[in-house]
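If you read the protein sequences in the order shown, they are chains H and X. Counting with this note's numbering, you get residues 64 to 389 for the letters of the first sequence. Counting with this note's numbering, you get residues 230 to 469 for the letters of the second sequence. C-beta atoms are modelled at their ideal positions from N, C-alpha and C, and glycine is treated no differently. Beneath this line is the structure, given in structure tokens, with notes to follow.
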Amino acid sequence: MLIIYKMARNTFVESLRQPVFYLMLITAMCIIGLFPTVAMFVFREQIKFVVDSSMAISLVFSLVVAVVSSAHTISREMKNGTVLLLLSKPVTRLAFVLSKILGVLAAISVFLFLLNCASMISVLIAKDQFRLEYTLMTVYYSALAVSAVYGGLRNYFKQESFTSNSIIAMLVLIPLIAGLFYFLRVSTFHSAAEIDPEEFIDVRHLMPALLLLFPAAWTMGTIASALATRIELVSNLTVCSVIFLIGLISKYFAIQWLGNGLASSFVRTLLPNWQYFWMADAIAARQQIPGVYLFWAFLYVLFYIGFWTFWALAFFNERELAKDSR
Amino acid sequence: MRIFADHLVKRYGNKESVSDLSFTLEHNCVLGFIGPNGAGKTTTMRMLCGIMPPSSGRVFINDMELLQDPVRAKQQIGYLPENAPLYGGMTVRSFLHYCASMRGMGGKKRALAMDRVMESCSLRAVAEEEIEALSKGYRRRACLAQSILHEPGILVLDEPTDGLDPNQKREIRTLIRSMRERCAIIVSTHILEEVDAVCDRVLTISAGRKVFDGCVEEFRAVSGGSLEDSFAKLAGEALQ
């Protein structure tokens with residue numbers, strides 16, 4: 064177990080060090096921070112617009128990062144031969160595969176956690192139809208800049224990784240800013256009647272929807288990791304894009320072709336159905352997402368991850384490492 | 230410590246990369262594993278280290294069969310892969326720390342082992358530098374250091390001096406000779422001067438088949454001249 068933990072930790076750190084990981088993170092965070100400015104052109108639906116757009120960006124970017132991280136850490140490890148170093152040690156192939164998947168999932172979780180905090184901040188910025196919370200917006204973008212400067216200084220003076228240090232700084236600053244400004248806003252309300260649902264959304268209402276993005280990204284991360292034991296980045300990205308598209312329409316086609324019976328349910332369960340994790344519509348309709356739904360979603364994903372981990376192991380067991388790593 | 234390869238065969242589809250290869254190696258001996266490019270040296274090394282399973286045949290470390298108990302058997306093996314693959318973003322110290330942890334070493338034992346290999350591989354000066362920034366010689370030494378961290382009984386070195394300058398080659402060879410007392414060493418190479426410099430025994434394969442197994446003098450006697458002539462003769466005969 065300790066060896067799996069050590070390898071997973073190494074995979075996690077290697078994932079965070081990738082420039083592409085940072086590039087995607089900072090791009091997504093900048094875009095999410097800008098949504099409130101666009102929301103000024105939407106009549107009385109700025110919160111809905113920001114939530115919808117932020118969640119869409121978070122989901123799509125995290126799915127892409129899932130594929131890129133797994134391809135970078137697993138395919139590259141095979142290509143440059145470091146897999147030989149690991150497998151020559153008392154490490155089984157099962158331990159290798161498990162640790163890689165866990166490391167990639169941890170990296171995706173950090174990515175999504177930061178984007179979710181950014182979504183929260185974005186919702187707070189879009190407080191009024193005609194007036195943005197410019198102070199928060201300034202603080203938010205300053206925090207991104209400070210993180211980059213911190214990473215740059217660590218890189219310049221201590222030769223440490225720019226990307227991982229910037230991300231660590233973000234992990235401290237962004238949740239802190241989200242929490243602080245949320246409580247400042249809440250403290251201005253004296254009663255529930257004062258809250259205009261078009262201008263403010265309770266975190267307890269938003270949180271389950273944001274949490275549901277994690278299992279979606281984990282699912283894609285596990286699929287991409289399994290595929291990364293066999294195929295390279297571009298092919299992996301292509302296959303995962305197809306899986307993503309199928310997952311968006313699987314329910315419709317399963318019902319069209321197989322009706323509402325057991326076979327249809329089986330097919331819908333087997334194909335990753337991203338609709339299960341997309342709760343933006345429920346938030347727009349001001350419906351509470353029940354805890355039991357979250358429980359079942361996480362349980363479903365746990366089984367799904369187990370299923371793909373099994374395939375990852377099967378793919379990797381049959382993999383001849385010698386061919387590529389010479 | 231003893232390693233015994235018993236009728237190893239490796240097939241890729243219809244092609245046999247290694248055919249019926251058997252040999253034994255006891256400790257206190259350096260075996261030069263030579264053959265032309267594509268002869269199956271690297272494939273054999275990887276089978277010996279438990280990285281890839283043979284299509285048929287077995288590998289024994291003492292009396293332990295490698296595939297039956299790979300975790301315990303691998304604790305006795307140190308492996309230096311070809312081209313010395315490393316994690317570029319790590320410093321030398323953190324890389325050795327990571328490799329020691331992979332071997333289940335911790336605390337004082339790990340610190341002592343890291344200290345020992347950094348000394349023997351002359352890595353102290355670059356301990357805090359990122360591997361990415363190191364020269365080829367230092368990278369090779371860092372990779373060699375990870376293979377001897379746990380004081381293995383069997384050391385498998387795949388082209389340990391390939392691409393190094395003469396000084397670096399000499400340093401690595403001195404290091405190999407110094408480890409000869411403690412373990413059985415297999416050195417895969419196609420540089421014949423290496424055989425003369427460090428090996429006690431030579432095993433030659435060509436097209437996946439064993440064509441010679443004997444001491445260096447016997448190998449030289451094959452052609453009655455130089456090592457190059459003997460190598461050319463054996464490799465040529467096998468291909469015919």
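| Asked | Found |
| --- | --- |
| Considering just the uninterrupted stretch of the beta strand (DSSP E) at ARG438(X), what are its terminal residues? | 438-444 |
| Starting from the beta carbon of GLU77(H), find every residue of chain X whose beta carbon is closer than 8 Å, and list them in chain order. | TYR316, GLY318 |
| Could you name the residues of the same chain whose beta carbon sits closer than 7 Å to that of GLU361(X), not counting the 5 residues immediately before and after it, in chain order? | GLY317, GLY318 |
| Just the Cα atoms here: how many angstroms apart are ALA169(H) and ARG331(H)? | 27 Å |
| Is it a yes or a no for the region 234-252 of chain H touching the region 314-325 of chain H, going by three-plus beta-carbon pairs under 8 Å? | no |
| Between which two residues does the beta strand (DSSP E) carrying GLU108(H) extend? | That residue, GLU108(H), is in no beta strand (DSSP E); it is neither H nor E in DSSP. |
| Between which two residues does the alpha helix (DSSP H) harbouring GLY284(H) extend? | 276-291 |
| Under the three-state reduction of DSSP, which class applies to ALA317(H): helix, strand or coil? | helix |
| When burial is assigned at 16 or more other CB atoms within 10 Å of the CB, is ALA385(H) buried or exposed? | Bear in mind that the predicted position of ALA385(H) carries a pLDDT of just 48, short of 50, making it unreliable; the figure below should be weighed with that in mind. So ALA385(H) counts as buried. |
| Would you mind telling me which residues of chain X sit closer than 9 Å to ARG80(H), beta carbon to beta carbon, in chain order? | GLY318 |
| Using DSSP with H/G/I as helix, E/B as strand and the rest coil, what is ARG72(H)? | helix |
| So, with DSSP's three-state summary, where would you put THR320(X)? | strand |
| In or out: LYS244(X) buried (at least 16 other Cβ within 10 Å) or exposed? | exposed |
| Return the Cβ separation of VAL427(X) and ILE405(X) in integer angstroms, given the expectation that the two are a contact with Cβ distance under 8 Å. | 5 Å |
| Which residues share a DSSP beta bridge with MET293(X)? | ILE290(X) |
| Quick one: is SER132(H) buried, meaning 16 or more other Cβ sit within 10 Å of its Cβ, or exposed? | buried |
| On the DSSP bridge list, what partners appear for LYS239(X)? | VAL247(X) |
| Please determine, among TYR327(X), GLY382(X), SER435(X), GLY465(X), the residue with the shortest C-alpha to C-alpha distance to TYR68(H). | TYR327(X) |
| Counting only Cβ-Cβ distances shorter than 9 Å, please list the residues of the region 335-354 of chain X near chain H, keeping chain order. | GLY335 |
| At what residues does the alpha helix (DSSP H) containing ALA158(H) begin and finish? | 156-188 |
| Just the C-alpha distance for ARG322(X) and THR201(H), rounded to the nearest angstrom, thanks. | 41 Å |
| Entirely within the region 232-278 of chain H and at least 4 residues each: give me those alpha helix (DSSP H) ranges in chain order. | 266-274 |
| So, using beta-carbon positions, are ALA413(X) and MET230(X) closer together than 8 Å? | yes |
| Considering only the alpha carbon of each residue, which of SER162(H), LEU187(H), PHE174(H) lies closest to ILE230(H)? | PHE174(H) |
| Report yes if the CB atom of MET276(X) is closer than 8 Å to the CB atom of LEU315(X), and no otherwise. | no |
| Decide if GLU423(X) is buried, meaning its Cβ has at least 16 other Cβ atoms within 10 Å, or exposed. | buried |
| From the DSSP secondary-structure annotation, give me the bridge partner or partners of ILE306(X). | ILE383(X) |
| VAL247(X) CB to nearest chain H CB: under 8 Å? | no |
| Under DSSP, the alpha helix (DSSP H) around PHE459(H) begins and ends at which residues? | The first residue shown for chain H is 64 and the last is 389, placing residue 459(H) beyond what the model contains. |
| Please compile the residues from chain H whose C-beta is within a distance smaller than 8 Å of the C-beta of ARG287(X). | Under the 8 Å cutoff, chain H gives no residues; its nearest Cβ is about 18 Å from ARG287(X). |
| If you measure between the beta carbons of LEU126(H) and THR226(H), is that distance less than 8 Å? | no |
| How big is the Cα-Cα spacing for LEU308(X) and LEU373(X)? | Looking at the sequence shown, residue 308(X) is not Leu but Tyr. Looking at the two C-alpha atoms, the distance is approximately 8 Å. |
| With a cut-off of 8 Å on the beta carbons, I'd call ALA129(H) and GLY284(H) a contact; round off their distance for me. | 4 Å |
| Measure from the alpha carbon of PHE193(H) to the alpha carbon of each residue in THR100(H), SER172(H), PHE220(H), then state which is nearest. | THR100(H) |
| Would you verify that the beta carbon of ILE230(H) is, or is not, closer than 8 Å to some beta carbon of chain X? | no |
| Less than 8 Å between the C-beta atoms of PRO395(X) and ARG369(X), yes or no? | no |
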